[in-house]
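Working notes for the structure below.
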Amino acid sequence: MKTYPAEPFRIKMVEMPNILTKEERVEAIKAAGYNTFQLKSEDCYIDLLTDSGTNAMSDRQWAGLMLGDEAYAGSRNWAHLEATVKEYYGYKYVVPTHQGRGAENILSQIMCKPGSYVPGNMYFTTTRFHQENNGATFRDVIIDEAHDPEIDLPFKGNIDLKKLQALIDEVGAENIPYVCLAITVNLAGGQPVSMANMRSTYALCQKHGIKVFYDCTRCVENAYFIKIREEGYANKTIKEIVLESFSYSDGATMSGKKDGLVNIGGFLAMNDEGMYIRARELVVVYEGMPSYGGMTGRDMEAFAIGIQESVRFEYIQHRVEQCAYLGDKLIAAGVPVVRPIGGHGVFLDARKFLPHIPQEKFPAQTLAAHLYIESGVRSMERGIVSGGRCKITGKNHAPKLETVRLTIPRRVYTYAHMDIAAEAIIDLYKNRDKIRGLKFVYEPPMLRFFNARFDYCD
Ligand code: PM9
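End of the sequence shown sits at 444 in my numbering; the numbers just go up one at a time, nothing left out.
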């Protein structure tokens, strides 16, 4: 029997969740317009909406908060964070931002213009939004297998180099300012990218004068998969693997709310001095001084310590294995999930879970609402609603992957919580025939999944 590592931490402070009755949950999700983003946190028993900003900080990080230097300019905590990013990620220059999308905004403003194409290994909502908002067109160049929930591959987040070459041939390298390479790939199910693929992508881009920027939001999870799955890395430390990963890029955007082990924060990093100067000009417009970028001094201190803690093997091993524990339970019960289990959660395959609900009636949105009603477990739609509409045709992007994400916050829940979530999903799977689809009653024009409202179809 497969075993899973015990929690590599002791619990020092606890948070007491509410457990609503089923009748109360029916009312709560109705009031939320059947959108789990609109639920109150206090109405959720086990909150698997996201792993973003939901991290439990360590005693060292909490102690670091007391060292916050809240000066408007030149905070010593910025010096600490900047030095830590340089040491652990290897870039020459760092610009702080309040979170990942702040960095995406600045990167896209600098690099994109009408007529630009940005290839990436599957889209991410906020990332594509900023690229398109600056006139660029996103092109998906991930391997085909990433769109198939059943194919089990060790590095399902890899870029298909033939697709990338075909795009270069089609639109010309001069119209591709950079490749956006996400490590890991969130919407594919938290799938990693191999070191070999990063190396080859960088080599191809260098040949054509195209830059490579990582979305390194979950780079430590990616490094763990490289260590356990890629030949030649078993004896390397996570810190060494993270550093080598970044050597095949020109810069990166980071949401510290994930692998940075904090509740808020981010940065844009790069090796080009001219770009750094431009990013410092923009950061004061959108985020704040280049010595805080929307973060408080105490946030920056906790972030610096979080980056150091995140590369500890026992931490990241437990984190990824805890996701596998939940996934393996569901697989054993025959529940359809995206394979293999990724680094930050388990993705239910809503097409197979609710085969009687067509994609235009939002099976994943419906499933997330019903999982909440049955169990108080909050999850997130990652399908056609998240996909949004094509900016040119106005038609829905209809992704092949129609999923519900059970995202595991870092260092927050125990295996017993995973058992409860698994049992609730297995029960729901047995009673899935009774579930009806949804329709929009309010559809926001951008990043619609956050604020949309739904009701049952007639
Ligand atoms: N990800 C998530 O829940 C939070 C926002 S969408 C519900 O997965 C990647 C790969 C992300 C990501 C956020 C961002 C943006 C960029 N890239 O949320 O702005 O997963 O810090 O980061 C979320 P911020």
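We treat Cβ as the ideally placed atom computed from N, Cα and C, and that holds for glycine. Just so you know, these numbers come straight off a predicted model, no measurement behind them.
Apply the 10 Å Cβ neighbour rule to residue i and answer buried if 16 or more other Cβ atoms are within range, or exposed otherwise.
| i | result |
| --- | --- |
| R(-4) | exposed |
| M261 | buried |
| Y164 | buried |
| S372 | buried |
| I129 | buried |
| P349 | buried |
| Y58 | exposed |
| Y428 | exposed |
| A17 | exposed |
| K416 | exposed |
| T7 | exposed |
| Y(-10) | exposed |
| K243 | buried |
| F436 | exposed |
| C443 | exposed |
| T113 | buried |
| F245 | Per the sequence shown, the amino acid found at residue 245 is Asp instead of Phe. With 16 or more other Cβ atoms within 10 Å, it is buried. |
| M256 | buried |
| S27 | exposed |
| Q351 | buried |
Does the distance from the C-beta atom of residue i to that of residue j stay below 7 Å?
| i | j | result |
| --- | --- | --- |
| E207 | G329 | yes |
| V81 | V269 | yes |
| G292 | V248 | yes |
| G218 | P178 | no |
| L316 | V323 | yes |
| A174 | A209 | no |
| L340 | R418 | yes |
| G54 | E287 | yes |
| T239 | D201 | yes |
| T389 | G369 | yes |
| L35 | M366 | yes |
| R391 | N382 | no |
| P100 | G76 | no |
| L167 | N107 | yes |
| I162 | Y103 | yes |
| P(-6) | Y31 | no |
| A89 | G252 | yes |
| F299 | I224 | yes |
| K197 | D155 | no |
| I411 | V321 | yes |
| I327 | A310 | yes |
| F115 | L433 | yes |
| V127 | L150 | yes |
| R337 | D33 | no |
Any heavy atom of the ligand PM9 closer than 6 Å to the CB of residue i?
| i | result |
| --- | --- |
| G110 | Before going further, note that residue 110 is Phe rather than Gly in the sequence given. Because some heavy atom of the ligand PM9 lies under 6 Å away, the Cβ of F110 counts as near it: yes. |
| G313 | no |
| R396 | no |
| N452 | For the chain, the structure presents residues -13 to 444; residue 452 sits outside this window and is missing. |
| D201 | yes |
| K425 | no |
| Q95 | no |
| K243 | yes |
| G86 | yes |
| N172 | yes |
| T36 | yes |
Look up residue i in the DSSP assignment and give the residues it is bridged to.
| i | result |
| --- | --- |
| V255 | Correcting the residue type first, residue 255 is Ala in the shown sequence and not Val. Looking at the DSSP assignment, A255 forms a beta bridge with V80 and A238. |
| V248 | DSSP output for V248 lists no bridge partner at all. |
| Y200 | L167 and A238 |
| E367 | V390 |
| L334 | V323 and V390 |
| V104 | F124 |
| Q177 | V171 |
| N221 | None, per the DSSP bridge assignment. |
| R375 | N382 |
| Y442 | L424 |
| I32 | V363 |
| I145 | I128 |
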